[in-house]
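Asks: Numbering (this note's numbering), first residue to last: 3 to 247.
Ideal Cβ positions, reconstructed from N, Cα and C, are used throughout, including at glycine.
Just so it is clear, the structure is predicted and the values come from calculations on it, not from any experiment.
After the structure tokens below, expect a handful of questions from me.
Laid out in structure tokens, this is it:
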């Protein structure tokens with residue numbers, strides 16, 4: 003009986019060391035950041051091809067829309083104007099995955115067609131295992147992610163609502179004929195300059211016709227304009243030129 007028990011215990015011990023059907027794969031066989039060869043192979047076979055196909059045209063060597071470049075390791079790690087494209091090991095914090103997964107209506111890449119579910123899964127897996135890349139140099143400090151200051155961006159002048167400024171005071175108050183003239187004259191006076199005298203009517207029609215049509219006025223057009231003594235003559239001339247085919 004003791005001998006049979008010993009054999010049974012030995013058999014159980016041996017069985018415990020053998021893989022069972024359906025058992026999860028050995029972590030060492032999965033690609034991961036510490037397993038450089040397998041991780042890089044995963045990138046080269048699964049990730050780089052889809053980046054080449056869908057991303058390099060707008061985010062490669064020749065073009066970097068939104069300051070984002072995806073054909074180099076440093077470019078991937080640095081990110082673009084919107085923030086970090088890839089946070090190694092953190093798919094939920096990686097804007098690249100947000101974009102390809104169409105999780106944000108304002109950030110969808112590629113914009114024409116969503117990636118296949120398998121391609122999105124490959125990108126997610128690649129980020130989960132640390133985003134291994136053949137160009138990564140572990141001997142130097144990691145690339146500092148691009149810091150995006152959204153508040154500073156919103157303060158940029160182009161994003162500010164227009165404000166109607168007050169019409170400036172001028173010394174030669176009889177010269178302006180429109181509010182814009184006040185601003186022009188204000189700067190002239192500020193720099194010690196005087197406005198040029200008004201152009202004669204022949205000069206006016208030549209300037210207006212050349213500027214708007216690129217051609218000189220005909221003799222008949224000149225005669226018609228010179229004969230029109232109305233204060234609205236020049237305004238009507240400009241309107242007619244703008245309506246010309």
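1. Kindly list the residues whose CB is nearer than 7 Å to the CB of residue 88, restricted to its own chain and excluding five residues on each side of it in sequence; keep chain order.
2. Could you tell me which residues DSSP puts in a beta bridge with residue 82?
3. Can the beta-carbon of residue 121 be found less than 8 Å from the beta-carbon of residue 52?
4. Identify the residues that DSSP records as bridge partners of residue 226: which are they?
5. Put residue 247 into one of helix, strand or coil per three-state DSSP.
6. Mind checking who residue 61 pairs with in its DSSP beta bridge?
7. Note down the Cα distance separating residue 41 from residue 135, rounded to an integer number of angstroms.
8. Please confirm whether residue 172 and residue 181 have their CB atoms less than 8 Å apart.
9. On the DSSP letters alone, give me the boundaries of the alpha helix (DSSP H) that residue 130 sits inside.
10. Return the Cβ separation of residue 2 and residue 73 in integer angstroms, given the expectation that the two are a contact with Cβ distance under 8 Å.
11. Between the Cα of residue 239 and the Cα atoms of 207, 202 and 216, which residue gives the shortest distance?
12. Can you list, in chain order, the residues of its chain with a C-beta nearer than 7 Å to that of residue 170? Leave out the 5 residues immediately preceding and following it.
13. Are the beta-carbon atoms of residue 126 and residue 93 separated by less than 8 Å?
14. DSSP puts residue 109 in a beta bridge; with which residues?
15. What separation, rounded to the nearest whole angstrom, lies between the Cα atoms of residue 260 and residue 161?
16. Pull up the distance between the alpha-carbon of residue 229 and that of residue 193, whole angstroms please.
17. For the alpha helix (DSSP H) holding residue 41, just list the boundary residues, first then last.
18. Using 10 angstroms around the beta-carbon of residue 163, count the other beta-carbons present and answer buried if the total reaches 16, otherwise exposed.
19. Nearest to residue 55 by alpha carbon, out of 118, 105 and 82?
20. Can you give me the C-alpha to C-alpha distance between residue 107 and residue 101, rounded to a whole angstrom?
21. Residue 159 by DSSP, collapsed to three states: which one?
Replies: If we stick to the structure as given:
1. Closer than 7 Å at the Cβ level, and outside the excluded window around residue 88, lie 78, 79, 96, 98, 129 and 133.
2. Per the DSSP secondary-structure output, residue 82 pairs in a beta bridge with 85.
3. In contact: residue 121 and residue 52 (Cβ atoms closer than 8 Å).
4. For residue 226, which the question treats as bridged, DSSP gives no partner whatsoever.
5. In the structure shown, residue 247 sits in coil (DSSP, three-state: anything other than H, G, I, E or B).
6. Looking at the DSSP assignment, residue 61 forms a beta bridge with 66.
7. The straight-line gap from Cα to Cα measures roughly 8 Å.
8. Taking C-beta atoms as the reference points, residue 172 and residue 181 fail to come closer than 8 Å.
9. Unbroken alpha helix (DSSP H) run through residue 130: 119-130.
10. The first residue shown for the chain is 3 and the last is 247, placing residue 2 beyond what the model contains.
11. Comparing Cα positions, the closest option is 207.
12. Contacts found: 184, 185 and 188.
13. Going by C-beta atoms, residue 126 is nearer than 8 Å to residue 93.
14. According to DSSP, residue pairing for residue 109 in a beta bridge involves 106.
15. Missing from the structure shown is residue 260; the chain here goes from 3 to 247 and no further.
16. Near 38 Å, if we compare the C-alpha coordinates of residue 193 and residue 229.
17. According to the DSSP assignment, residue 41 belongs to the alpha helix (DSSP H) that extends over 38-44.
18. In the assembly as shown, residue 163 is an exposed residue. Its beta-carbon has fewer than 16 other beta-carbons within 10 Å.
19. Ranking 118, 105 and 82 by Cα distance to residue 55 puts 118 first.
20. One C-alpha to the other measures close to 9 Å.
21. In this structure, residue 159 counts as helix in the three-state DSSP scheme.
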